[in-house]
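One structure is given below, encoded as structure tokens.
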């Protein structure tokens, strides 16, 4: 796919990643129909370019999503400009789609395609994918937590019973790579390099994740209410795939809520 590079105003090609049978990459997979439709509609509304690779071959078609019918589980996409490549797509068993959304790589596979006439021009009709990959390897997308009811991280108090003695700190943001916390607790030390195991973060309507965090940096910030405090940036260490999937679901849900406002 041709993805814009904001610094150079040029384009770079995004190629498909063969991840669909790789267990170690299950943490990137989205299975919720609601989440998949939300992501696809976001791509459509942004009029993002998508690259279609017939049967994972090197030939590709540049396309975009024109319409989505969630009831029939179908979507209409642009017809390609190269008729030879279009015919190859129509005869393919699998169609690999690659694009980006908010600088996150999106990849999915469809196995049904036919040529139709849409808005007075040729188009493809394909099935909505059953699963989708939202690949965040670097520069994890961060989402700020709600101001009224911020997320909280329960950190075991050093020297105490780690099961029952925990201190709660408010989170400023969260991503699949880590979180930022407000450093105001009198007992918990957020000096860079310190590691806390068995921390718990409850994600509303998603569940509770168990994580190990390592403090990476601290600096002073001013909150929206004018209060000055210390912000501690923390990295998740060896985050389990199912925990990362829960964070992804939380981020998608928060994006949905904010889009509706």
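Numbering (our numbering), first residue to last: 8 to 268. Ideal Cβ positions, reconstructed from N, Cα and C, are used throughout, including at glycine.
Query: Exposed unless 16 or more other CB atoms sit within 10 angstroms - verdict on residue 102; Result: buried
Query: Three-way DSSP call (helix, strand, coil) for residue 158 in this model; Result: coil
Query: Three-pair Cβ contact test at 8 Å for the stretch 131 to 141 versus the stretch 185 to 199; Result: no
Query: Among 240, 80, 52 and 132, the one whose alpha carbon lies nearest that of residue 200; Result: 240
Query: Whole-Å CB distance - residue 162 paired with residue 206, under 8 Å assumed; Result: 5 Å
Query: Pairwise C-alpha distance: residue 61 and residue 97; Result: 8 Å
Query: Segments of 3+ residues assigned as beta strand (DSSP E) that fall wholly inside the stretch 67 to 133; Result: 68 to 70, 72 to 76, 81 to 85, 102 to 108, 111 to 117 and 120 to 125
Query: Closest by C-alpha distance to residue 78, when choosing among 173, 154, 149 and 40; Result: 40
Query: Boundaries (first-last residue) of the beta strand (DSSP E) holding residue 203; Result: 202 to 210
Query: Residue 151 vs residue 180 beta-carbon contact at 7 Å; Result: yes
Query: 8 Å Cβ shell around residue 208 - same chain, five flanking residues per side excluded; Result: 158, 159, 160, 161, 178, 181, 186, 215, 216 and 218
Query: Coil, strand or helix - residue 248 by DSSP; Result: helix
Query: Residue 255 - DSSP class collapsed to helix/strand/coil; Result: helix
Query: For residue 40, the first and last residue of its enclosing alpha helix (DSSP H); Result: 40 to 52
Query: Separation of residue 194 from residue 173, as counted between CA atoms; Result: 10 Å
Query: Same chain, Cβ closer than 8 Å to residue 44, five either side skipped, listed in chain order; Result: 75, 77 and 135
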